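S.K.:
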Amino acid sequence: MPARDRAVRDGGADAGGRGHRPRRRLPLPAAAEDHGEGRRPDRGCGPDREGGGGMISYLMRRILISLLVLIGISIVIFVMLHLISDSPGRVVLGPQASAAAVEAFNRENGFDRPLFAQYVDYVVQLLHGDLGRSYKLNEEVSVLFAQNAGRSAVLSLSGLVLALLIAIPLGILQAVRRNTVVDRAATGIAYLLYATPSFLVALLLIALLSQLVPLFPAEASQSTSPWAVFTDPRAMALPLTTLALTNVVVFSQYQRSAALEQLGMDYIKVARAKGAPERVVLMRHLLRNACIPLITLVGVMIPTLLAGNLIVESVFNYPGLGLLFLNSLHREDYPVLLAYTLIGGALTVLGNLLADLVVARADRRIELSR
């Protein structure tokens, strides 16, 4: 076919074939024009996307879910403790009390009512800040908790901070020196400690550092001050070390996995290709992103911290909430057990909520509307 005919067929291009008919540009939507030609609107997460609405809606949704979880926890714990525990009248009056006296006590205190009615009464008490009264100690549960909560909280937080200070650099070091002697030795020790129960770790520390080499006392400080960790560090060294070691095992391996994942990311490769010093790459670029998964883990591990406190306080005879719980368990002190488990569940839910919010603010890639 002659060139001129081909040109006429293709829309009037000249014989030299300088091009096809130019395409018509479709008009861009108004939203696209506002964001530049052909550019998609920014759909980043968080307050920047919706003027704060994204974070607020996410927060409200998470609070609602947390409240529903708390209600479910309270129902399960309330029913289970009622099923496995003895009659409150029998616990309070003792095994020698007559059946008539036990029945009269239960009737006077409303323990003969249906379980649902008792649960509603207990929820109303909780809303008024009343945790009940100890059967054996004849004191308000809230007073008992106020006397012991500070010591347990300071011990737990101190052990957690110490564990993080050790685990974060250790995990990053293992990731940077992957499959070296340092990495394999640290991983082996971590697995060994993970397989060792925390009470056995505590007993080994007592045997080594209190009996074999008498550096520290075997019993924790009996001070009523919640700051015994700082005012009497020698007496609190072994309990604090036990808590830290049992948590370092999990935190360091979790940190190692997160750091290994980040080291393969493009932004790390680009930073190194630009000649950034390794210290800058690790501290400025890697550290923040590698620590984000660890925040979630800390929130999830609150039950583990509470369980660790139980063991540490019982082994080292430290007067805290853990020791109070164990003594109440032996005495079948139902109100104390119920309050402790409910508060533990509430702390777990709160820890998960705070961890989600912190991660959502720290990691801009998270879509809050999910």
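Counting in the numbering used here, the sequence shown runs from 33 upward without gaps.
Backbone N, C-alpha and C define an ideal beta-carbon position, used for all residues, glycine too.
As the structure is a prediction and not an experimental result, all values here were calculated from the model.
1. Per DSSP, Arg165 is paired with what?
2. Within its chain, find whatever has a CB closer than 7 Å to the CB of Val391; leave out the 5 residues flanking it on each side and keep chain order.
3. Should Phe262 go down as buried or exposed, given a rule of 16 or more other Cβ atoms within 10 Å for buried?
4. Have a look at Ser360 and Ile343 and give me their C-alpha separation to the nearest angstrom.
5. Answer yes if the stretch 345-353 comes into contact with the stretch 251-266, meaning at least three C-beta pairs across the two stretches below 8 Å, and no otherwise.
6. Given that a residue counts as buried once 16 or more other Cβ atoms are within 10 Å of its Cβ, and exposed if not, what is Leu58?
7. Among Pro309, Leu277, Val313 and Thr274, which has the Cα closest to the Cα of Ala291?
8. Cα separation between His160 and Val173?
9. At the level of alpha carbons, what is the spacing between Val155 and Leu102?
10. In the structure shown, what three-state DSSP assignment does Gln128 receive?
11. What number of angstroms, rounded off, separates the C-alpha of Ser230 from the C-alpha of Ser346?
12. Work out the CA separation of Leu337 and Ile109 for me, nearest whole Å.
13. Give me the Cα-Cα distance between Leu355 and Leu187, rounded to the nearest whole angstrom.
14. Taking the straight line between their C-alpha atoms, what separation do you get for Arg165 and Asp298?
15. Report the residue from Ser130, Thr212, Val208 and Tyr167 whose alpha carbon sits nearest the alpha carbon of Ser117.
16. Going along the chain, which residues of its own chain have a beta-carbon closer than 7 Å to the beta-carbon of Ala181, five neighbours each way excluded?
17. Quick test of the definition: if touching needs 3 or more C-beta pairs under 8 Å, does the stretch 221-236 touch the stretch 279-290?
18. Among residues of its own chain, excluding the 5 on either side of Ala195, which ones have a beta-carbon nearer than 6 Å to its beta-carbon?
19. Kindly indicate which residue of Val381, His362, Leu232 and Ile107 has the alpha-carbon position closest to the one of Asp153.
20. In its own chain, which residues sit with a C-beta less than 7 Å from the C-beta of Leu237, not counting the 5 before and 5 after it?
21. If you run the structure through DSSP and keep just helix, strand and coil, what is Met333?
22. Going by DSSP, what residue range makes up the alpha helix (DSSP H) through Met315?
23. Measuring only the C-alpha atoms, how far is Gly121 from Gln128?
24. Of all the options Trp259, Gly307 and Thr212, which has the alpha carbon lying nearest to the alpha carbon of Gln179?
25. Determine, using beta carbons only, whether Val332 and Ser98 come nearer to each other than 7 Å.
26. Given this structure, state the Cα-to-Cα distance separating Asp162 from Asn141, to the nearest angstrom.
27. Would you grab the beta carbon distance between Ile105 and Gly377 for me? Rounded to a whole angstrom, and I think it's under 8 Å.
28. Compare the Cα-Cα distances from Gly296 to each of Tyr90, Asn321, Arg183 and Asp215 and report the closest residue.
29. According to DSSP, is Asp215 part of a helix, a strand, or is it coil?
M.R.: Per the coordinate set shown:
1. When DSSP reads this structure, Arg165 sits in a beta bridge with Glu172.
2. Hits under 7 Å: Ile324, Ile327, Thr328 and Ile398.
3. That one is exposed.
4. Pairing Ser360 with Ile343, the inter-Cα distance amounts to about 15 Å.
5. In the pairwise beta carbon analysis, the stretch 251-266 is classified as touching the stretch 345-353: at least three pairs are separated by under 8 Å.
6. Legend: pLDDT at Leu58 = 41, less than 50; position of this residue unreliable, value from coordinates given subsequently. Exposed, because fewer than 16 other Cβ atoms sit within 10 Å of the Cβ of Leu58.
7. The shortest Cα separation from Ala291 among Pro309, Leu277, Val313 and Thr274 belongs to Val313.
8. Approximately 14 Å, taken between the alpha carbons.
9. Taking the straight line from one Cα to the other gives about 12 Å.
10. Three-state DSSP puts Gln128 in coil, outside helix and strand.
11. Approximately 12 Å, taken between the alpha carbons.
12. Taking C-alpha positions only, Ile109 is separated from Leu337 by approximately 19 Å.
13. C-alpha of Leu355 to C-alpha of Leu187: approximately 13 Å in a straight line.
14. Approximately 59 Å between the Cα atoms of the pair.
15. Closest option to Ser117, Cα to Cα, is Tyr167.
16. Only Leu353 meet the Cβ criterion.
17. In short, these stretches touch, since the Cβ pair count reaches three.
18. For Ala195, the CB contacts under 6 Å within the same chain, skipping 5 residues up- and downstream, are Ala276, Asn279, Val280 and Phe283 in chain order.
19. Of the candidates Val381, His362, Leu232 and Ile107, the one whose C-alpha sits nearest the C-alpha of Asp153 is Ile107.
20. Apart from the 5 residues on each side of it in sequence, Leu237 sits with its Cβ closer than 7 Å to the Cβ of Leu270, Thr273 and Thr274 in its chain, given in chain order.
21. Met333: coil per DSSP, three-state reduction.
22. No alpha helix (DSSP H) holds Met315; DSSP gives it neither H nor E.
23. Spanning the two alpha carbons is a distance of roughly 11 Å.
24. For Gln179, the nearest C-alpha among the options comes from Trp259.
25. Taking 7 Å as the cut-off, the Cβ atoms of Val332 and Ser98 do not count as close.
26. Going from the Cα of Asp162 to the Cα of Asn141 covers about 15 Å.
27. The beta carbons of Ile105 and Gly377 sit about 4 Å from each other, so the pair counts as a contact at 8 Å.
28. Its Cα nearest to that of Gly296, the residue Asn321 stands out among Tyr90, Asn321, Arg183 and Asp215.
29. It is helical.
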